[in-house]
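Residue numbers (our numbering): 798 to 1250.
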């Protein structure tokens, strides 16, 4: 088994790999005038002008969120940066910084083509986007096992999960006033999805009873890789007398369209006096993959195995040893090619916008965003102040609190007819330690160049 395969499997088992959350637009800009992309947060929100996006730079969204920071994994020691497994870093220090569940997600959204215009009795948008995203949950028991080795009698590593996807999206949007109900506006977006690849790892259970001469292992896990040409390498187990998955072979991997998906967004706004109330559901749908390689324990398995040395060092050999150890503990079987589907990470947004009566160019917003996925759910409340002192110059500042902690954001939009530049962050609170290493996992960037008409 070559070194690349071992590292891929190590990342799969340790969930330190590309895995799934959704790239989204700036929540800070939800209530801001002159933000052309807010229809992707709520399809009922329209723009006052038509626009054409700059190819590839019309709308860029990059985000990293979580409660697991870089300094939970690496530590300074004698002028060097070392992994948490380094024997000179105490277990109490490492484990004391971790929660029961440690979560990290990343997302990237890149706009290829986008434009909006008034027609058909309302406002319309069309966008072609490329998206990539991942999420992972790392239980504290996994870090304890890797850090402490076999110093404890039992270990429980349950609900180690990871998901990732990369796909293209074609989105069509239409919104309009509902004349029968004054103040009401509704919108809907249809999304056609072309998946390229995905990865899903569900380590539902791993319980270790470490005896003096042998270990009793209870495991329940499944890994699926949706990429044409990928296959698993296997080795024979002297303990269970069966072949188990020992690596991933990507020599014949082919990147291309590997299935089809469909998504739906719908939303509404209602204006009453100085208030605008809004509700939206986005990313309701699923993606289906044609060629998926599955490795699984095929339910809960119990077996005996000889003791292993569990742990990783700072060198490449340490990672390889950990790969072999974890592969033997889970004893995954190669189930061959299967068809698989993955639901989108649907979101619900509820908002209220209040126009300041003494200065109508200033208004305040409160937005709740709730991720409705079963595996990686989160919620966030964000309050914002939005102002457009002159047409074409708009700004918003926001503060948020939720699953990923407290933070603040900003968004600036410059330009009206002819040219518009937008830049901002929803998570602008980035702390650095004395070695200039980021100590927060919450940061993002939203940027776009558009040509309004």
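No residue lacks a Cβ here, since even glycine has one placed at the ideal position from N, Cα and C.
Measuring straight from C-alpha to C-alpha, what distance separates residue i and residue j?
i: residue 911; j: residue 849; result: 6 Å
i: residue 1092; j: residue 1037; result: 17 Å
i: residue 1243; j: residue 1139; result: 27 Å
i: residue 1051; j: residue 998; result: 21 Å
i: residue 1265; j: residue 1053; result: Residue coverage of the chain in this structure runs from 798 to 1250, which leaves residue 1265 outside it and unanswerable.
i: residue 877; j: residue 1134; result: 45 Å
i: residue 921; j: residue 993; result: 27 Å
i: residue 986; j: residue 893; result: 46 Å
i: residue 822; j: residue 932; result: 18 Å
i: residue 929; j: residue 1025; result: 18 Å
i: residue 973; j: residue 1249; result: 20 Å
i: residue 981; j: residue 1064; result: 11 Å
i: residue 1046; j: residue 1013; result: 30 Å
i: residue 900; j: residue 934; result: 5 Å
i: residue 862; j: residue 1174; result: 12 Å
i: residue 865; j: residue 979; result: 47 Å
i: residue 1184; j: residue 1157; result: 9 Å
i: residue 936; j: residue 889; result: 16 Å
i: residue 1131; j: residue 958; result: 19 Å
i: residue 902; j: residue 977; result: 43 Å
Could you have a look at residue i and say whether DSSP puts it in helix, strand or coil?
i: residue 1168; result: strand
i: residue 1246; result: strand
i: residue 940; result: helix
i: residue 1042; result: strand
i: residue 1175; result: strand
i: residue 892; result: helix
i: residue 869; result: helix
i: residue 911; result: strand
i: residue 843; result: coil
i: residue 1093; result: strand
i: residue 790; result: Residue 790 is absent from the model: the chain starts at 798 and stops at 1250.
i: residue 903; result: strand
i: residue 994; result: strand
i: residue 1251; result: No statement about residue 1251 is possible, as the shown extent of the chain runs from 798 to 1250 and does not include it.
i: residue 1200; result: coil
i: residue 826; result: helix
i: residue 1142; result: coil
i: residue 1098; result: strand
i: residue 1240; result: strand
i: residue 929; result: strand
i: residue 1128; result: coil
i: residue 1004; result: strand
i: residue 897; result: coil
i: residue 1088; result: strand
i: residue 1051; result: strand
i: residue 1136; result: strand
i: residue 988; result: strand
Candidates the options: which alpha carbon is nearest residue i's?
i: residue 1152; options: 1072, 889 and 993; result: 1072
i: residue 1196; options: 867, 1057, 1182 and 945; result: 1182
i: residue 1029; options: 994, 969 and 1129; result: 1129
i: residue 1177; options: 958, 1137, 1166 and 1190; result: 1166
i: residue 989; options: 882, 881 and 1062; result: 1062
i: residue 858; options: 891, 885, 882 and 905; result: 905
i: residue 1210; options: 1199, 1186, 1198 and 895; result: 1186
i: residue 868; options: 875, 861, 879 and 862; result: 879
i: residue 1208; options: 1200, 1199, 1194 and 885; result: 1194
i: residue 909; options: 1147, 927 and 896; result: 927
i: residue 873; options: 884, 863, 1101 and 864; result: 884
i: residue 895; options: 1169, 1013 and 944; result: 944
i: residue 916; options: 1023, 1083, 846 and 891; result: 846
i: residue 1246; options: 1225, 1217 and 1150; result: 1217
i: residue 898; options: 1213, 1201 and 1224; result: 1201
i: residue 1089; options: 1137, 1011, 1034 and 1101; result: 1137
i: residue 1221; options: 956, 836, 856 and 851; result: 856
i: residue 1041; options: 1018, 882 and 891; result: 1018
i: residue 780; options: 951, 907, 914 and 1179; result: Coverage of the chain is limited to positions 798 through 1250, which leaves residue 780 absent and any answer about it impossible.
Check whether the Cβ of residue i lies closer than 7 Å to any heavy atom of the ligand NAP, and answer yes or no.
i: residue 1081; result: As for the ligand NAP, it is missing from this structure, which has no ligand bound.
List the whole-angstrom C-beta distance separating residue i from residue j, where the pair is believed to meet the contact cut-off of C-beta under 8 Å.
i: residue 1074; j: residue 1055; result: Contact flag wrong, Cβ pair sits at about 41 Å.
i: residue 1015; j: residue 1099; result: 5 Å
i: residue 1204; j: residue 1239; result: 6 Å
i: residue 1189; j: residue 833; result: Actually they are not in contact, since the Cβ atoms of residue 1189 and residue 833 sit about 13 Å apart, beyond 8 Å.
Inspect the CB distances between the segment 988 to 1005 and the segment 1068 to 1075 and report whether three or more fall short of 8 Å.
-> With a cut-off of 8 Å, the segment 1068 to 1075 and the segment 988 to 1005 do not count as touching, because too few Cβ pairs lie within range.
Segment contact, 8 Å Cβ cut-off, at least three pairs: the segment 1152 to 1165 with the segment 1137 to 1144 = Result no; under three Cβ-Cβ pairs closer than 8 Å.
Using 8 Å as the threshold, is the segment 1076 to 1084 in touch with the segment 829 to 844, meaning 3 or more CB pairs across them?
-> Touching, per the Cβ criterion.
Between the segment 956 to 964 and the segment 822 to 835, do three or more beta carbon pairs fall short of 8 Å?
-> With fewer than three CB-CB distances shorter than 8 Å, the segment 956 to 964 does not count as touching the segment 822 to 835.
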